[in-house]
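Numbered according to our numbering, the sequence shown spans residues -13 to 135.
Okay, so here's the structure we're looking at.
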Amino acid sequence: MQNEPKRLLLPFTHGVSITAIDNAVRLAYECQATLVALALVPSSDPRRGARLEHIQQAKDFLEAVRRNAQIYHVPCERYEIFTSDSQKSIEIFSTKLHCTGLIIFTGGRALMSEAEVRAIMQCLECPLYMIQLPTRSKVGMASLFRSIL
């Protein structure tokens, strides 16, 4: 029986984090997997459409994934969808795109809210790769200089 190629889904709803994207690309590299970047643009009201800043964040996310994947020579697919239910969209796309795992970040500047992460953890059946991002230090530059002096 031939092994299916690995495909790791990286969902995004908000908060472009280069650290998270870099970690996802490195994980895909180590797993010899294709990274499937899915930007979910919230659009709850069909009359008004999506907010411009959400669309721009999605495009920034997809471009950052493309650039990092290119650096590491990781195969990459990028998708952008407008949705009113990100959890359901992730479920559908993970199946439709034959993803063998899902990369989720927690802490720091994650790519999704904590509520979205919890909802996904309860419903998805594919393996989850959870990565804890470091939280930012609350020490400002002024207090850092004061502690040095």
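Every residue, glycine too, gets a C-beta built ideally from N, C-alpha and C.
Fair warning: this is a prediction, and the values are worked out from it, not measured in the lab.
The C-beta separation of Ala96 from Gly1 comes to about 6 Å, placing the pair in contact by the 8 Å criterion. Assignment of Val2 by DSSP, reduced to helix, strand and coil, places it in the coil class.
Remark: C-beta atoms of Leu83 and Leu(-5) approach each other more closely than 8 Å. The residues Val11, Tyr15, in chain order, have a CB closer than 6 Å to that of Tyr58 in the same chain once the five nearest residues on each side in sequence are set aside. Of the residues assessed, Arg37 falls on the exposed side of the cut-off, its CB having fewer than 16 other CB atoms within 10 angstroms. As the crow flies, the alpha-carbon of Leu21 is around 22 Å from that of Gly94.
When the Cα atoms are used, Thr5 and Phe91 turn out to be separated by approximately 10 Å. The beta carbon of Ala101 lies closer than 7 Å to none in the same chain, with the five residues before and after it left out. The continuous stretches of beta strand (DSSP E) do not include Gln18, and DSSP gives it neither H nor E. Following the DSSP letters along the chain, one finds Thr81 inside the alpha helix (DSSP H) bounded by residues 72 to 82.
Taken atom to atom, the span from the alpha-carbon of His40 to that of Pro28 is near 7 Å.
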